[in-house]
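A.B. asks: Top line first, the protein sequences correspond to chains F and R. To convert, take the position in the first sequence, counting from 1, and add 2; that gives the working numbering. To convert, take the position in the second sequence, counting from 1, and add 358; that gives the working numbering. All C-beta atoms in this analysis are idealised placements derived from N, C-alpha and C, irrespective of residue type, glycine included. Owing to the predicted nature of the structure, the values given are computational and were not obtained by experimental measurement. Questions regarding the structure given below will be posed in turn.
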Amino acid sequence: MVMTSTRLIFITGKGGTGKSAVTAAMATARARRGESVLAIDMASSPGLAAHLGSRPLTYEPIEVRDGLFAMTIDRAAALDEYLKLQLHVPRGAPTKQIAAALSVLAETAPGVREIISIGKPLYETWKGTWDTVVVDASSLGQFQSYMRAPRTIAQLVPTGAVRRQASTMETTLSDDDVTSVIIVSNPAELPVNETIESIDVLTTENLCPIPRVVMNRVLDISGIDASRLDELPQGAVRDAASLQIHLEDDQAIWLDTIDFMASLPYLAGVFTPQEISLQLSDVIGAIV
Amino acid sequence: MTTHTIIVTGAGGVGKTTISAALAVALAATGLKTLVLTIDPAKRLADALGIEHIGDEPQRVEGADNMWAAMLDVSASWEAIIYRYAEPEVGDRLLVNPYFRAIADRFPAAQAYAAGERMAEYIESHQYDVLIVDTPPSGGGIDFFTAPARTGDLVSGKLLKWLTGSRIPGRSVLFRFTAKPMLKVADTVLGGPMLSDVADFLLDLSTMYASLSARSRTMERYLQQATTLIATTADPTPMHETKRFFRELSGISIRPAGIIFNRTLPLDWVQAATKPIRGVPDPDLRARARLNLRTWATEAQRQGDASAELSARYGAVMHRIGLVSPPPTTVDELRGMIEETDLVKELTEDRTP
């Protein structure tokens with residue numbers, strides 16, 4: 003078992019719910035408190051860089067603001083590091099061939115690609131040099147594959163360095179003193195139902211500490227009473243009020259369907275990804 | 359009959375599945391025999407279409423004449439693909455192979471390829487005037503268009519070639535390969551006979567290469583002949599994906615026929631929000647209504663800017679679909695979504711037989 007004081011936070015959720023924005027906001031909020039933070043993009047999308055207001059991310063972490071570094075997983079580089087730093091492939095072993103063999107396996111064998119990718123956030127956590135490692139961890143289905151990878155490997159290979167390393171990873175991933183999982187959801191049918199299904203899978207299979215939900219894009223309540231709509235002048239004023247009331251009603255159904263630890267506001271008319279994450283980081287800083 | 363294929367693509371969460379269903383209802387209402395292939399619909403929508411279970415067999419939609427709906431079943435589709443293109447005993451071996459399962463579950467284009475194969479089969483059945491294809495969200499939707507070529511890569515034996523040093527080796531070559539001393543070291547580090555298992559699997563897969571790549575070319579032709587519509591909203595990620603579609607689709611000779619801008623608000627709210635509200639005596643209600651309209655007006659403004667940018671940049675035809683709440687759950691509500699646009703007119707006039 004590896005001892006570390008670093009917190010490892012995975013942020014996942016259905017596509018389009020705002021994972022990258024929440025990851026960026028969480029990383030920013032923690033850096034503002036004086037923590038040293040590494041944000042890792044595992045979703046290979048431009049989302050995290052955009053929400054951090056950064057140039058495209060590389061495998062080498064870049065400092066995007068004081069105390070906040072960000073990087074993306076490059077599979078070739080991750081594989082190289084995994085061999086050297088995690089498998090401790092002995093001197094004199096045919097490293098090149100083993101790397102080539104592993105990259106073939108990464109394309110075909112279950113769990114191998116995931117173990118190599120997730121090896122990086124774990125390695126950064128074990129190092130103990132960051133206060134927090136925040137991971138933008140791709141969609142729910144993909145995230146489950148990542149969390150399941152150590153066990154998949156254990157079933158596939160009975161012995162060897164990959165297997166040993168996978169057990170160490172599994173220990174850290176299920177240690178709730180180190181690892182936490184946040185699922186970003188929206189108050190709408192598909193995101194809420196997929197969140198519920200995913201929590202069920204993750205907890206039934208005991209793949210990680212119990213996930214917590216952050217509800218994103220929650221409309222502020224207007225306080226306009228539906229029974230008074232006809233007191234408003236016809237046209238834009240009444241139409242906008244009517245739309246708002248219908249949206250509030252629909253939202254209430256989904257907010258009642260699931261427990262969540264925090265809600266983040268719907269930001270009407272906000273233009274750039276960075277503005278979005280900065281506004282969210284103000285809210286997150288106050289609640290998390 | 360010749361089938362007019364309409365592909366609805368776009369980033370995750372923009373409403374592709376609902377738009378596809380709504381388009382199908384609206385086109386079926388003009389008398390065209392219409393099938394919609396949906397991917398993972400929300401329960402309310404699936405209920406509206408009367409499709410409770412995934413399945414390739416099109417179901418008649420109640421309350422809409424001439425309309426059928428099917429829901430993509432990825433693993434059944436792959437099973438069908440395997441038995442169609444591989445020798446039966448190879449097919450049997452592949453389907454129980456853990457590596458094949460892993461690839462079919464995780465290969466990001468697997469769902470996209472399965473959808474493409476289904477699309478091709480429906481087109482070739484000559485049963486429908488119109489086929490509407492909702493696209494899987496992987497790769498922001500672009501995977502659907504590139505999956506045929508990429509699946510060719512997967513089974514082309516590139517990996518196998520590396521493992522064995524020979525293009526289509528026999529099993530004897532494979533045996534010699536697994537006996538290579540350097541790979542024995544690799545197997546020791548990696549633990550167990552993984553590499554030889556993988557090589558076995560790839561060898562089986564490569565027997566499908568010739569027929570799968572021929573099929574991929576047919577699928578690419580169908581994709582080029584189809585009408586491609588990109589669905590988007592003003593949010594940053596969908597906007598980014600929409601731009602990416604225009605860039606990357608042109609590389610494979612596909613020109614999107616238009617953009618469906620979903621969940622729009624009336625643009626005149628922007629002007630209306632600047633004016634004082636008259637005739638509401640209660641100051642509290644007046645203030646709340648004013649703040650509410652102003653909030654939505656900033657959103658309408660953002661949408662206007664985003665839509666103008668896409669028009670200017672790509673000269674694309676823009677179809678606006680208004681934000682409705684709650685989301686449409688009946689066939690009539692679905693048709694209502696499309697009726698306010700000129701999509702039906704455009705899609706039916708476009709085609710002279």
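Helix, strand or coil for Ser569(R) per DSSP?
C.D. replies: Counting from one through the second sequence, the residue named residue 569(R) turns up at place 211. Helix, per DSSP.
A.B. asks: Quick check on DSSP: helix, strand or coil for Ile618(R)?
C.D. replies: For the purposes of this step, residue 618(R) is taken as the residue at position 260 of the second sequence. Residue state, collapsed to three classes: strand.
A.B. asks: So for His53(F), helix, strand or coil by DSSP?
C.D. replies: Taking the first residue of the first sequence as position 1, residue 53(F) is located at position 51. If DSSP states are grouped into helix, strand and coil, His53(F) belongs with the helices.
A.B. asks: For Asp562(R), count the other beta carbons within 10 Å of its own beta carbon; 16 or more makes it buried, fewer makes it exposed. Which is it?
C.D. replies: Looking up residue 562(R) in the second sequence gives position 204. With 16 or more Cβ atoms within 10 Å of its Cβ, Asp562(R) is classed as buried.
A.B. asks: Which of the three DSSP states, helix, strand or coil, is assigned to Ile278(F)?
C.D. replies: As a working mapping, residue 278(F) is identified with position 276 in the first sequence. Helix, per DSSP.
A.B. asks: Run the CB neighbour count on Gly371(R), radius 10 Å, all protein chains shown included, and call it buried at 16 or more, exposed below.
C.D. replies: Taking the second sequence and counting its residues from 1, the one referred to as residue 371(R) is at position 13. Counting Cβ neighbours within 10 Å, Gly371(R) comes out buried, since at least 16 surround it.
A.B. asks: What residue from Gly368(R), Thr367(R), Gly389(R) and Thr375(R) has the CA that sits closest to Thr706(R)'s CA?
C.D. replies: For the purposes of this step, residue 706(R) is taken as residue 348 along the second sequence, with counting starting at 1. Checked all of Gly368(R), Thr367(R), Gly389(R) and Thr375(R); the closest Cα to Thr706(R) is Gly389(R).
A.B. asks: Note the first and the last residue of the continuous beta strand (DSSP E) segment covering Glu415(R).
C.D. replies: Position 57 of the second sequence, counted from the start, is the residue given in the question as residue 415(R). Its beta strand (DSSP E) spans residues Gly413 to Arg418.
A.B. asks: Anyone know if the C-beta pair for Ser7(F) and Gly49(F) falls short of 9 Å?
C.D. replies: Position 5 of the first sequence, counted from the start, is the residue given in the question as residue 7(F). Position 47 of the first sequence, counted from the start, is the residue given in the question as residue 49(F). Contact: no.
A.B. asks: Report yes or no: is there a C-beta of chain R within less than 9 Å of the C-beta of Thr310(F)?
C.D. replies: Given a span of 3 to 290 for chain F in the structure shown, any question on residue 310(F) remains unanswerable.
A.B. asks: Kindly indicate the opening and closing residues of the beta strand (DSSP E) around Val220(F).
C.D. replies: The sequence position of residue 220(F) within the first sequence is 218, counting from 1. Counting along the chain, the beta strand (DSSP E) containing Val220(F) begins and ends at Arg214 to Val220.
A.B. asks: Measure from the C-beta of Asn218(F) to each C-beta in chain R and report whether the shortest distance is under 9 Å.
C.D. replies: Counted from its first residue, the first sequence places residue 218(F) at position 216. It does not; no Cβ of chain R falls within 9 Å.
A.B. asks: Give me the chain F residues within the contact set of Glu657(R), using Cβ-Cβ distance strictly less than 7 Å, ordered along the chain.
C.D. replies: As a position in the second sequence, residue 657(R) is number 299, starting the count at 1. Neighbours of Glu657(R) on chain F, chain order: Ala270 and Gly271.
A.B. asks: Evaluate Ser665(R) with the Cβ neighbour count: other Cβ atoms within 10 Å of its Cβ, from every protein chain shown; 16 or more gives buried, anything less gives exposed.
C.D. replies: Taking the first residue of the second sequence as position 1, residue 665(R) is located at position 307. Label assigned to Ser665(R): buried.
A.B. asks: Output the distance between the C-alpha atoms of Val682(R) and Ser56(F), rounded to the nearest integer angstrom.
C.D. replies: Within the second sequence, residue 682(R) is the residue found at index 324, counting from 1. Within the first sequence, residue 56(F) is the residue found at index 54, counting from 1. Going by the C-alpha atoms only, they are around 35 Å apart.
A.B. asks: Could you tell me the boundaries of the alpha helix (DSSP H) in which Val432(R) lies?
C.D. replies: For the purposes of this step, residue 432(R) is taken as the residue at position 74 of the second sequence. Run containing Val432(R): Val432 to Tyr443, per the alpha helix (DSSP H) assignment.
A.B. asks: Note down, in chain order, every chain F residue with its Cβ under 8 Å from the Cβ of Asp626(R).
C.D. replies: Here the question's residue 626(R) lines up with position 268 in the second sequence. Under the 8 Å cutoff, chain F gives Ala238.
A.B. asks: Give a yes or no on whether the C-beta atoms belonging to Glu486(R) and Thr361(R) are separated by under 9 Å.
C.D. replies: Within the second sequence, numbered from 1, the residue matching residue 486(R) stands at position 128. Within the second sequence, numbered from 1, the residue matching residue 361(R) stands at position 3. First, the residue type needs correcting, since residue 486(R) is Tyr and not Glu in the sequence shown. Yes, Cβ-Cβ distance for Tyr486(R) and Thr361(R) is below 9 Å.
A.B. asks: Taking Arg652(R) as the reference, give the member of Pro624(R), Thr600(R) and Asn620(R) with the closest Cα.
C.D. replies: Within the second sequence, numbered from 1, the residue matching residue 652(R) stands at position 294. Comparing Cα positions, the closest option is Pro624(R).
A.B. asks: Alpha carbons only, please: which of Asp232(F), Arg214(F), Met73(F) and Arg153(F) is nearest the one belonging to Ala264(F)?
C.D. replies: By 1-based counting over the first sequence, the position of residue 264(F) is 262. That would be Arg214(F), whose Cα lies nearest to the Cα of Ala264(F).
A.B. asks: Counting Cβ pairs closer than 8 Å, one from the region 594–613 of chain R and one from the region 366–380 of chain R, do we hit at least three?
C.D. replies: Cβ pair count under 8 Å is three or more, so yes.
A.B. asks: If we ignore side chains and look at the alpha-carbon of each, how far apart do Gln276(F) and Ala26(F) end up?
C.D. replies: Against the first sequence, residue 276(F) aligns to sequence position 274. Against the first sequence, residue 26(F) aligns to sequence position 24. Straight-line Cα distance between these residues: approximately 9 Å.
A.B. asks: Evaluate Lys374(R) with the Cβ neighbour count: other Cβ atoms within 10 Å of its Cβ, from every protein chain shown; 16 or more gives buried, anything less gives exposed.
C.D. replies: Residue 374(R) sits at position 16 when you count from the first residue of the second sequence. Under this definition Lys374(R) is a buried residue.
A.B. asks: Using 9 Å as the limit for Cβ to Cβ distance, is Arg153(F) near chain R?
C.D. replies: In the first sequence, counting from the first residue as 1, residue 153(F) sits at position 151. It does not; no Cβ of chain R falls within 9 Å.
A.B. asks: Would you list the one or two residues that DSSP bridges to Phe12(F)?
C.D. replies: On the first sequence, position 10 is the one that residue 12(F) refers to. In the DSSP output, where bridge partners are listed per residue, Phe12(F) has Val137(F) and Val183(F).
A.B. asks: For the 8 Å Cβ check, are there 3 or more pairs between the region 129–137 of chain F and the region 35–51 of chain F?
C.D. replies: At 8 Å Cβ cutoff, the stretches touch.
A.B. asks: Using a Cβ cut-off of 9 Å (strictly closer), state whether Asp593(R) contacts chain F.
C.D. replies: Translated into the one-based positions of the second sequence, residue 593(R) becomes position 235. Judged by the 9 Å Cβ criterion, Asp593(R) is in contact with chain F.
A.B. asks: According to DSSP, which residues form a beta bridge with Ile588(R)?
C.D. replies: Along the second sequence, one-based indexing puts residue 588(R) at 230. Paired residues: Thr367(R) and Ile617(R).
A.B. asks: Ala243(F) to Asp642(R), Cα distance in whole Å?
C.D. replies: As a first step, residue 243(F) is located in the first sequence; it is residue number 241 there, counting from the start. As a first step, residue 642(R) is located in the second sequence; it is residue number 284 there, counting from the start. Rounded to the nearest angstrom, the two C-alpha atoms are 14 Å apart.
A.B. asks: Run through the region 644–685 of chain R for me and flag every whole beta strand (DSSP E) of 3 or more residues, listed as ranges in chain order.
C.D. replies: You should have 676–680.
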